[in-house]
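In this text, residue positions in the sequence shown follow UniProt numbering: the first is 1, and each later residue adds one.
Note that CB positions come from ideal geometry on N, CA and C, so glycine has one too.
These numbers come from a predicted model, not from an experiment.
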Amino acid sequence: ARQALEAWLPLRTQAAPEDGAVFIGRSGKRLTPRAIQLRVRQAGVRELGQHLHPHMLRHSFASHLLESSGDLRAVQELLGHADIATTQIYTHLDFQHLASVYDRAHPRAKRKGNADGGNDP
């Protein structure tokens, strides 16, 4: 995604230098929320065989950012939430991921095939 944006941004400023929007339509005007929604849904069906919507991308972004950084306040700021409780709902981590992190990090965690909880030889 980063490489695609880096390639697009120089071209984008040539198309409509007066508008600061990242994504513009053929007319040179910024895409409407509905246009983005339709494009995301079409790409999801075409590439993944399922319906996607922009909110799913927002949720995935927030979840991955929280998982990699652990910084709930930064995620709150990036999402523009006034209340941290809203961000906590958005960025839940599933139990399997937490259990996996625990198993890898805690010295007394029980590991598969090692019932005594010690380290594998």
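Residues near residue i in its chain [Cβ-Cβ closer than 7 Å; skip 5 each side]
i, result
"Val45", "His51"
Cβ-based neighbour list, residue i, same chain, cut-off 8 Å, excluding 5 preceding and 5 following
i, result
"His64", "none"
"Asp19", "Gly28, Lys29 and Arg30"
Assumed close pair residue i, residue j - CB separation to whole angstroms, cut-off 8 Å
i, j, result
"Leu72", "Thr86", "Between Thr86 and Leu72 the Cβ distance is about 11 Å, and since that is not below 8 Å, they are no contact."
Opening and closing residue of the alpha helix (DSSP H) in which residue i lies
i, result
"Arg34", "Pro33 to Leu48"
"Pro54", "Pro54 to Ser69"
"Glu6", "Arg2 to Ala15"
"Val75", "Leu72 to Leu79"
Residue i in three-state terms, based on DSSP
i, result
"Arg30", "strand"
"Phe23", "coil"
"His97", "helix"
"Asp83", "coil"
"Arg108", "coil"
Proximity of residue i and residue j at Cβ, strictly below 7 Å
i, j, result
"Gln37", "Pro54", "yes"
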